[in-house]
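Residue numbers (our numbering), protein chains in the order written: chain A, 1 to 187; chain B, 1001 to 1541.
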């Protein structure tokens, strides 16, 4: 191989390599654009604000006092669910919600880190003591879903399973008429 | 020149022995939580084992491999006796001391908090102090790598730093900086509480600190494997490295962008706002670039080797590769697992897709495939390649080595693919047992049994690996030529300063980390109302 040939092949090698590097960068940029589009256009963004709550005073007053836990129909037709996780259960242990309705889950932890995942959905959030998790939900079909704690919370973690029961919108409205906080605990 | 063989062998042997022990624990955990076994009478045993498995596999094993391999690279790539051997032994001793100090309380059930710590759960202070000592020991290695490169540069002004050493030092800086996140969490937050000096802790801030370490630590684990792709594989199969320059760029990119992306681990967390989650998500996409560059360069280098061996045709050259060579086999398996694991990683990095699988068995499957699969199989390759040069003895049997690598590859696929699947079904991770009789979990039972079989295959492969290394020590001594790394097709005559030194890139790494982490950390640190009472686990004082 002459010096000239070697020089040419080096050029070819560098050119092919540059082309691949350009393709790589384009792949990455396109992916970031897709993620941004999905986030902004389809409003699938994480919660925007950071909210604080004192876990040692949850039971005394405020949003997460026992009487305020459960589901409540809001004026605008949506439903708000308030729940807490503690070693090793959720309160309420069975969350009752209507189908085909925008729902806001507001939840926190009374002790250590827990998590909520509703199986068969992409409803998935951490519960970090000291902070309030805000998760948008919507169920198209009625039925029961299991809701395990998805983060290690010490030695009883494997037993921490809650439930979500999705009922017909009209049934929920009928039950919500009397006010108060709904759940399906004990049903 | 490998002058300090005892030092390097000590690192590798300790790494692989603790790896073997942690592997036994992992296999036991797979079995005990599968439908093949009844529920554990005391679930704490499971979490105790999980803490030990994670701590050893995450902190002790890869750190020792990186250190041992780093010393080997420094001596052989620079052709220079290691400067500061006494300090290297001090570092090694600190890792041993730290590992023992951490593992004793874990074994006694005083620190079953998992290797991810998860405050406000608080275990024995000895566990955390032990982990800190392991990290401090490895920081001595970081300093030594830097010193050795400096000494070499003084003696060789203007010469290109050999690629293996350039990458090795980049990896050491990456580790030094990424370990800072967990170090801050341990020293400022957890250890004061564990010692009883404080009784409250900000769990959200702790998670942000830990995410700083948790993601980039994977790239620290990965760097030795990437060094092996670039500087061992082409030479071992009789080829040359396609591009020395692109290799340097890949390692620099890892150094710069591996760090400011960790908040993607907290996508589902309430203590970080949406803005920084998006920034970290986009930067996470960026870290795919060095891997894409590597895939090209290594495949091209392998093709060069095949064509040098007489291979021809568009794909016909693949048949001309030396498939009986364990390094070829390991590299191929590693790439396949990297491909699957990388594809899963792209799913994890997008907030929208991540919410379907966050904290499910999918995640367990993902990092076992990437770390246990793509990375660790190259650790095996590194050991096989170096062993004759370290021991002065040939390894006993190529066939045994190939069997071991095949078993590891098959075992890892059989273990992790069902994990990904049950993760999509929503099976939560890190539970001591599951009620498979429940209709909600019945579909998980068979895949979990299959993955338990995979764990058994992995265990056999891991033990076979240890056996092969041990057998080599009994072989007759032979003359082994000096250890060398791959040459580039066009060896660099001179390299631009930016690709021959790390200063600029370290500045960028620190700058980007501050830009991407500074605000969330500052805001959380400034808050006085977000700390919560600690929850002590294990034996009460």
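Idealized CB from N, CA, C, for every residue including glycine.
From a predicted model like this one, the values you see are computed outputs, not experimental measurements.
Discussion item. Is the separation between the beta-carbon of residue 1373 of chain B and that of residue 1342 of chain B shorter than 9 Å?
Written reply: no
Worksheet entry | Touch test, the region 1513-1533 of chain B against the region 1200-1217 of chain B, Cβ-Cβ under 8 Å, three pairs minimum | yes
Practice prompt. Return the chain-ordered list of same chain residues with a C-beta closer than 7 Å to the C-beta of residue 1050 of chain B, the five sequence neighbours on each side being excluded.
Written response: 1029, 1114 and 1430
Worksheet item: What three-state label does DSSP hand residue 66 of chain A in the structure shown?
Response: helix
Worksheet entry | Coil, strand or helix - residue 1229 of chain B by DSSP | helix
Worksheet item: Start and end of the beta strand (DSSP E) containing residue 1247 of chain B?
Response: Unbroken run through residue 1247 of chain B is the alpha helix (DSSP H), 1244-1257; no beta strand (DSSP E).
Worksheet item: Are residue 1169 of chain B and residue 1161 of chain B closer than 9 Å when you measure CB to CB?
Response: yes
Worksheet item: Do you know offhand how far residue 1392 of chain B's Cα is from residue 1477 of chain B's?
Response: 6 Å
Item to complete: Check the Cβ-Cβ distances between residue 113 of chain A and every residue of chain B, and say whether any is below 9 Å.
Response: yes
Worksheet item: What residue does the beta strand (DSSP E) around residue 167 of chain A start on, and which one ends it?
Response: 161-167
Practice prompt. Would you mind sorting residue 1248 of chain B into buried or exposed? The rule is 16 or more other CB atoms within 10 Å of its CB.
Written response: buried
Worksheet entry | Residues, ordered as in the chain, of the region 83-95 of chain A that lie near chain B by beta-carbon distance below 9 Å | 87
Worksheet item: Can the beta-carbon of residue 1499 of chain B be found less than 9 Å from the beta-carbon of residue 1023 of chain B?
Response: no
Practice prompt. Assess, as a yes-or-no matter, whether the region 145-158 of chain A is touched by the region 112-127 of chain A under the definition of 3 or more beta carbon pairs within less than 8 Å.
Written response: yes
Discussion item. Suppose you measure from the CA of residue 161 of chain A to the CA of residue 1444 of chain B; what does that come to, to the nearest Å?
Written reply: 16 Å
Worksheet entry | Neighbourhood of residue 135 of chain A by C-beta, 6 Å cutoff - its chain only, sequence neighbours within 5 removed | 105 and 125
Discussion item. Between which residues of its own chain and residue 1318 of chain B is the CB-CB distance below 8 Å, once the five residues before and five after are set aside?
Written reply: 1306 and 1311
Worksheet item: Whole-angstrom Cβ separation of residue 1226 of chain B and residue 1116 of chain B, contact assumed at under 8 Å?
Response: Rounded, the Cβ-Cβ distance is 25 Å, inconsistent with contact.
Practice prompt. Please list the partners that residue 28 of chain A has in chain E, where partner means a Cβ-to-Cβ separation under 7 Å.
Written response: Looking for chain E here will not work: the only protein chains present are A and B.
Practice prompt. Look at the Cβ atom of residue 202 of chain A, then the Cβ atom of residue 129 of chain A, and state whether they are nearer than 9 Å.
Written response: Only positions 1 to 187 of chain A appear in the structure, and residue 202 of chain A is not among them; the question remains open.
Worksheet item: What span of residues does the beta strand (DSSP E) with residue 136 of chain A cover, start to end?
Response: 131-137
Worksheet entry | For residue 1330 of chain B, the nearest candidate out of B:1537, B:1524, B:1505 and B:1375 (CA to CA) | B:1375
Worksheet item: By Cβ distance, which residues of its chain are closer than 8 Å to residue 1191 of chain B, with the 5 residues on each side in sequence left out?
Response: 1125, 1128, 1129 and 1132
Worksheet item: Quick one: complete beta strand (DSSP E) runs, 3+ long, within the region 79-119 of chain A?
Response: 79-86, 89-91, 94-98, 103-109 and 114-117
Worksheet item: According to the neighbour-count rule (16 or more other Cβ atoms, all chains shown, within 10 Å of its Cβ), is residue 82 of chain A buried or exposed?
Response: buried
Discussion item. Using a Cβ-Cβ cutoff of less than 7 Å, which residues in the same chain neighbour residue 1078 of chain B once the five nearest sequence positions on both sides are dropped?
Written reply: 1148, 1152, 1162 and 1165
Practice prompt. With distances taken Cα to Cα, identify the nearest neighbour of residue 141 of chain A among A:169, A:25 and A:19.
Written response: A:169
Practice prompt. Would you decide whether residue 1513 of chain B is buried or exposed? Buried here means 16 or more other CB atoms lie within 10 Å of its CB.
Written response: buried
Discussion item. Ignoring anything shorter than 4 residues, give me the alpha helix (DSSP H) runs that lie fully in the region 1451-1530 of chain B, in order along the chain.
Written reply: 1503-1526
Discussion item. Suppose you measure from the CA of residue 1358 of chain B to the CA of residue 33 of chain A; what does that come to, to the nearest Å?
Written reply: 22 Å
Worksheet item: Can you find a C-beta in chain A that's less than 9 Å from the C-beta of residue 1487 of chain B?
Response: no
Worksheet item: How many whole angstroms separate the CB atoms of residue 1301 of chain B and residue 1234 of chain B, which I take to be in contact at a CB cut-off of 8 Å?
Response: 4 Å
Practice prompt. Mind checking which residues open and close the alpha helix (DSSP H) that includes residue 1160 of chain B?
Written response: Per DSSP, residue 1160 of chain B belongs to no alpha helix (DSSP H) and is neither H nor E.
Fill in: Any chain A beta carbon closer than 9 Å to residue 1540 of chain B
Confidence at residue 1540 of chain B is low in this model, with a pLDDT of 48, below 50, so the placement of that residue should be treated as unreliable; the coordinate-derived value is given next. So, not an interface residue.
Discussion item. Does residue 1299 of chain B pass the burial test, meaning 16 or more other C-beta atoms within 10 Å, or should it be called exposed?
Written reply: exposed
Worksheet entry | Contact set between residue 150 of chain A and chain B, taken where Cβ atoms lie within less than 8 Å | 1358, 1359, 1360, 1428 and 1429
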